[in-house]
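A.B. asks: Right, I'll just put the structure down here and ask away after.
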Ligand code: SF4
Ligand code: SF4
Ligand code: SF4
Ligand code: SF4
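Protein chains in written order, with the numbering used here: chain A, 1435 to 1695; chain B, 614 to 741.
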């Protein structure tokens, strides 16, 4: 199976592992991720305001490229996933935004949200299947207590992203079970780590990330997994004194599938 | 810009209908940046609605919102306060010389592990 893939800028630089292990694992699962040609950075945060058009165009280009290839578009970074899905929703449901964006871009065929955007985790769940992954696991994480860290951008707004129940998600816990680990459910798993505000307010990031780590530790997690480079950064750097190792979920997947080297 | 025009602009570009708010405070109760904010999400809603926007325009609260969408998800009336906070912030930084962050500020904020995502996000949030 071939799917279009939008890696995003961070996966080309600071988060190369998230990308590399994601691609290797996908190959092992029979999926080729075909990078969209000449994609541009989505900007990291969804431009919320109704009159923001220019800032949405890089996303629309990527979405239209996947449409032209006739493929679903896979994202891996939580932030890219959030931006692309929300912009796609605008193109589908907001005529004014879609009209202006189409006029700016002058694509050979107008784009109106036709592409199906899925996060890598949704690809694992819906295209491969967690049962199938379980069968292919060579090195299970038996006995490991793993906490899923969803953060904020993977799930919300739930009505637009439609990935999982935003208040009681289970896709990452099912993933943990598939690779042989034991999921640890802790209330802070879908609360924000402090995000980009870490740039100018380290105290805030420490407080938010510290609360996540404290809660995960209290509930007995040996480690956390994330899909977001910024979550990883905040949870590693702004720990408020709590130490719980944090990994990209693709790294654990590659290890479980025996393709990590 | 006149005060009333600003209120109208903020409401229009946010797409928020502030009158739907029943002032339950749930948005503020769930906001992870609550302690750092001088004005809280529910206050943004009623202050914009009542036209009391000057204090919001000059408050640092507009740079504390993490855009985590918790208030959007959890508001029982689907008011989506984060969209209003975004619009107030835009009303400020779209004015000349009102960028909250300058290129020259960056070097001392960076460290070797900081992901690009944080930088591009901050620029999108703080500058025009
Ligand atoms: S979300 Fe982040 S990593 Fe992804 S393209 Fe946008 S800025 Fe780059
Ligand atoms: S980095 Fe923080 S802000 Fe971003 S998705 Fe992760 S939890 Fe949310
Ligand atoms: S949660 Fe919604 S209804 Fe309640 S105060 Fe906030 S905006 Fe108003
Ligand atoms: S989006 Fe902003 S205002 Fe809303 S809960 Fe998150 S940090 Fe608070």
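Even for Gly, the Cβ is constructed at its ideal location relative to N, Cα and C.
Tell whether a beta-carbon distance below 8 Å holds between residue 1658 of chain A and residue 1678 of chain A.
C.D. replies: Position 224 of the first chain, counted from the start, is the residue given in the question as residue 1658 of chain A. Position 244 of the first chain, counted from the start, is the residue given in the question as residue 1678 of chain A. Yes, the pair counts as a contact, with Cβ atoms nearer than the cut-off.
A.B. asks: My guess is that residue 643 of chain B and residue 695 of chain B are in contact by the Cβ rule of under 8 Å, so how many angstroms apart are they, rounded?
C.D. replies: By 1-based counting over the second chain, the position of residue 643 of chain B is 30. By 1-based counting over the second chain, the position of residue 695 of chain B is 82. At roughly 11 Å, the Cβ-Cβ gap does not stay under 8 Å, so residue 643 of chain B and residue 695 of chain B are not in contact.
A.B. asks: Go through the residues and name those whose CB comes closer than 5 Å to any heavy atom of ligand 2, in chain order.
C.D. replies: Going down the chain, each residue whose beta-carbon is closer than 5 Å to a heavy atom of ligand 2 shows up: A:1512, A:1585, A:1586, A:1587, A:1626, A:1627, A:1629, A:1662, A:1664, A:1665.
A.B. asks: What residue range does the beta strand (DSSP E) around residue 1579 of chain A cover?
C.D. replies: Here residue 1579 of chain A refers to the residue found at position 145 of the first chain. Residues 1579–1582.
A.B. asks: In the structure shown, what three-state DSSP assignment does residue 1552 of chain A receive?
C.D. replies: For this step, residue 1552 of chain A is matched to residue 118 along the first chain. Residue 1552 of chain A: strand per DSSP, three-state reduction.
A.B. asks: In this structure, how does DSSP classify residue 1620 of chain A when only helix, strand and coil are distinguished?
C.D. replies: Mapped onto the first chain, residue 1620 of chain A falls at position 186. Note: residue 1620 of chain A maps to coil in three-state DSSP.
A.B. asks: Which residue spans inside the region 649–724 of chain B form an unbroken alpha helix (DSSP H) run of at least 4?
C.D. replies: 654–662, 667–670, 683–687, 694–706
A.B. asks: Determine which residues of the region 1590–1603 of chain A have a Cβ less than 9 Å from any Cβ of chain B, and write them out in chain order.
C.D. replies: 1590, 1591, 1592, 1593, 1600, 1601
A.B. asks: Measuring alpha carbon to alpha carbon, tell me which residue in A:1687, A:1694, A:1639 is nearest residue 1671 of chain A.
C.D. replies: Here residue 1671 of chain A refers to the residue found at position 237 of the first chain. Out of A:1687, A:1694, A:1639, A:1639 has the C-alpha closest to the C-alpha of residue 1671 of chain A.
A.B. asks: Just list the residues that DSSP pairs residue 1660 of chain A with in beta bridges.
C.D. replies: Along the first chain, read from residue 1 onward, the residue named residue 1660 of chain A stands at position 226. In the DSSP output, where bridge partners are listed per residue, residue 1660 of chain A has A:1682.
A.B. asks: Using 7 Å as the cut-off, classify the Cβ of residue 729 of chain B as near or not near the heavy atoms of ligand 1, replying yes or no.
C.D. replies: Residue mapping note: residue 729 of chain B aligns to position 116 of the second chain, counting from 1. Yes, Cβ of residue 729 of chain B sits closer than 7 Å to a heavy atom of ligand 1.
A.B. asks: In the DSSP assignment, find the unbroken alpha helix (DSSP H) run with residue 621 of chain B in it and report its ends.
C.D. replies: Here residue 621 of chain B refers to the residue found at position 8 when the second chain is read from its first residue. Per DSSP, residue 621 of chain B belongs to the alpha helix (DSSP H) from 616–627.
A.B. asks: According to DSSP, what are the bridge partners of residue 1466 of chain A?
C.D. replies: One-based indexing of the first chain puts residue 1466 of chain A at position 32. DSSP lists A:1436 as partners of residue 1466 of chain A.
A.B. asks: Taking 7 Å as the line, does the beta carbon of residue 1478 of chain A fall inside it for any heavy atom of ligand 1?
C.D. replies: Working through the first chain from its first residue, we reach residue 1478 of chain A at position 44. Checking the Cβ of residue 1478 of chain A against ligand 1 gives yes.
A.B. asks: Does residue 1488 of chain A pass the burial test, meaning 16 or more other C-beta atoms within 10 Å, or should it be called exposed?
C.D. replies: Walking along the first chain from the start, residue 1488 of chain A turns up at place 54. Using a 10 angstroms sphere on the CB of residue 1488 of chain A, the tally of other CB atoms stays under 16, which defines it as exposed.
A.B. asks: Quick check on residue 1588 of chain A: does DSSP put it in helix, strand or coil?
C.D. replies: Position 154 of the first chain, counted from the first residue, corresponds to residue 1588 of chain A. Looking at residue 1588 of chain A - three-state DSSP - the assignment turns out to be coil, as it is neither helix nor strand.
A.B. asks: In the DSSP output, which residue or residues are listed as bridge partners for residue 1509 of chain A?
C.D. replies: Against the first chain, residue 1509 of chain A aligns to sequence position 75. In the DSSP output, where bridge partners are listed per residue, residue 1509 of chain A has A:1440, A:1553.
A.B. asks: Taking the alpha carbon of residue 1661 of chain A as the reference point, which residue from A:1676, A:1570, A:1553 has its own alpha carbon closest?
C.D. replies: Indexing the first chain from 1 puts residue 1661 of chain A at position 227. Checked all of A:1676, A:1570, A:1553; the closest Cα to residue 1661 of chain A is A:1553.
A.B. asks: Could you give the residue range of the alpha helix (DSSP H) that holds residue 1639 of chain A?
C.D. replies: Position 205 of the first chain, counted from the first residue, corresponds to residue 1639 of chain A. Element bounds for residue 1639 of chain A: 1636–1652.
A.B. asks: Taking the alpha carbon of residue 1596 of chain A as the reference point, which residue from A:1520, A:1442, A:1462, A:1479 has its own alpha carbon closest?
C.D. replies: Position 162 of the first chain, counted from the start, is the residue given in the question as residue 1596 of chain A. Checked all of A:1520, A:1442, A:1462, A:1479; the closest Cα to residue 1596 of chain A is A:1520.
A.B. asks: Considering only C-alpha positions, which residue in the set B:701, B:688, B:676, B:732 is nearest to residue 666 of chain B?
C.D. replies: Taking the second chain and counting its residues from 1, the one referred to as residue 666 of chain B is at position 53. Looking at the Cα atoms, B:701 is the closest of the given residues.
A.B. asks: Using three-state DSSP, classify residue 1676 of chain A as helix, strand or coil.
C.D. replies: Mapped onto the first chain, residue 1676 of chain A falls at position 242. Coil, per DSSP.
A.B. asks: Taking the alpha carbon of residue 1653 of chain A as the point to measure from, which residue in A:1635, A:1594, A:1664, A:1621 has its own alpha carbon closest?
C.D. replies: The count along the first chain starts at 1 and reaches residue 1653 of chain A at position 219. For residue 1653 of chain A, the nearest C-alpha among the options comes from A:1621.
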